[in-house]
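Protein chains in written order, with our numbering: chain A, 76 to 187; chain B, 4 to 117.
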């Protein structure tokens, strides 16, 4: 079982729709959860992070965390063609064992 | 510097040669990560340095791979006797020590083994 799992997609949504990206993780010691966006040929860049159960909103983005279910998601409202990219879920444990582990990423395509 | 700096940006090497990839993290960042990304794939964890603690080498794929971090700053990833399957983009990232802080990535080194 991979430590962090994502559906590789592609996930295709029409412009203006809500895109829902999902991620599950296996290590219950995980403390922090990150969503990165990676455009083709570029390095990953952080969209947002979450470490408490519940929802966290930042503009058009909402991260959701459910530690009991070991599940984290990212919602993108009013999707734009510029949101087309690969979205990487990353998970970190605390302390000196806090290596950052990434899922394989979900490719999102937003069609005009 | 303002961001994570990696060098070289591109490296073409012959099979069997050794290569060294360099990462200069953001000043003050005690955590440093190396990842490998093959075409169309996710980020494969290689190694993690945190301050003066022993590095987590659990992701290194073989004993041909090694990394060091001198003075808690610059890191070098060395691949000995390169193979064609080593061709990938090698990404370095750094962060503060706190668990709830983001990692910032360098632009990566694209390694091609011919």
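Even for Gly, the Cβ is constructed at its ideal location relative to N, Cα and C. Here the structure is a predicted model, which is why all the values come from computation and not from measurement.
How long is the line joining the alpha carbons of residue 143/A and residue 42/B, rounded to whole angstroms?
Residue numbering aside, residue 143/A sits at position 68 when the first chain is read from its first letter. Residue numbering aside, residue 42/B sits at position 39 when the second chain is read from its first letter. Each residue's Cα considered, the two are about 34 Å apart.
DSSP beta-bridge partners for residue 186/A?
On the first chain, position 111 is the one that residue 186/A refers to. Paired residues: 89/A.
Based on the DSSP output, what are the partners of residue 77/A in its beta bridges?
Numbered from its first residue, the first chain carries residue 77/A at position 2. DSSP output for residue 77/A lists no bridge partner at all.
Could you give the DSSP three-state label for residue 89/B: helix, strand or coil?
As a first step, residue 89/B is located in the second chain; it is residue number 86 there, counting from the start. In the structure shown, residue 89/B sits in a helix (DSSP, three-state: H, G or I).
Using the C-alpha atoms, what's the distance from residue 62/B back to residue 16/B?
In the second chain, residue 16/B corresponds to position 13, counting from 1. In the second chain, residue 62/B corresponds to position 59, counting from 1. Cα to Cα, residue 16/B sits roughly 23 Å from residue 62/B.
Through-space distance from residue 94/A to residue 156/A, alpha-carbon basis
Position 81 of the first chain, counting from 1, holds the residue named residue 156/A. Position 19 of the first chain, counting from 1, holds the residue named residue 94/A. Distance between the alpha carbons of residue 156/A and residue 94/A is about 12 Å.
Best match in 174/A, 87/A, 181/A for proximity to residue 148/A [C-alpha to C-alpha]
The sequence position of residue 148/A within the first chain is 73, counting from 1. Closest option to residue 148/A, judged by alpha-carbon separation, among 174/A, 87/A, 181/A: 181/A.
Comparing the C-beta of residue 151/A with each C-beta of chain B, is any distance below 8 Å?
By one-based count along the first chain, residue 151/A stands at place 76. No - not a single Cβ of chain B is within 8 Å of the one on residue 151/A.
Using a Cβ-Cβ cut-off of 7 Å (strictly less than) and excluding sequence neighbours within five positions of residue 91/A, which residues of its own chain qualify?
Within the first chain, the letter at position 16 stands for residue 91/A. If the five residues before and after residue 91/A are omitted, its C-beta is found closer than 7 Å to the C-beta atoms of 153, 154, all from its own chain and listed in chain order.
Along chain A, in chain order, which residues have C-beta atoms closer than 8 Å to that of residue 111/B?
Residue numbering aside, residue 111/B sits at position 108 when the second chain is read from its first letter. Correct list: 118.
Measure the CB-CB distance between residue 105/B and residue 124/A and report whether it falls below 8 Å.
By 1-based counting over the second chain, the position of residue 105/B is 102. By 1-based counting over the first chain, the position of residue 124/A is 49. One thing to note: residue 105/B has its Cβ within 8 Å of the Cβ of residue 124/A.
Between the C-alpha atoms of residue 23/B and residue 104/A, what's the straight-line distance to the nearest angstrom?
Within the second chain, numbered from 1, the residue matching residue 23/B stands at position 20. Within the first chain, numbered from 1, the residue matching residue 104/A stands at position 29. As the crow flies, the alpha-carbon of residue 23/B is around 34 Å from that of residue 104/A.
Which residues in the same chain have their Cβ closer than 7 Å to the Cβ of residue 91/B, if we skip the five residues on either side of it in sequence?
Position 88 of the second chain holds residue 91/B. For residue 91/B, where only same-chain residues beyond five positions count, the Cβ hits under 7 Å are 39, 40, 41, 114.
Pull out every residue of the stretch 120–136 of chain A whose Cβ sits closer than 7 Å to any Cβ of chain B, in chain order.
Those would be 121, 124, 126, in chain order.
Bridge-paired residues (DSSP) for residue 82/A
The residue given as residue 82/A occupies position 7 in the first chain. Beta-bridge pairing links residue 82/A to no other residue.
With residue 151/A as the anchor, note down where its beta strand (DSSP E) starts and where it stops.
In the first chain, the residue the question calls residue 151/A occupies position 76. Taken as a continuous stretch (DSSP letters only), the beta strand (DSSP E) holding residue 151/A covers 146–151.
Closer than 7 Å by C-beta to residue 87/A: which residues in its own chain qualify, once you throw out the five before and the five after it? Chain order, please.
Taking the first chain and counting its residues from 1, the one referred to as residue 87/A is at position 12. If you ignore the 5 residues before and after residue 87/A, its C-beta comes within less than 7 Å of the C-beta of 184, 186, all in its own chain and listed in chain order.
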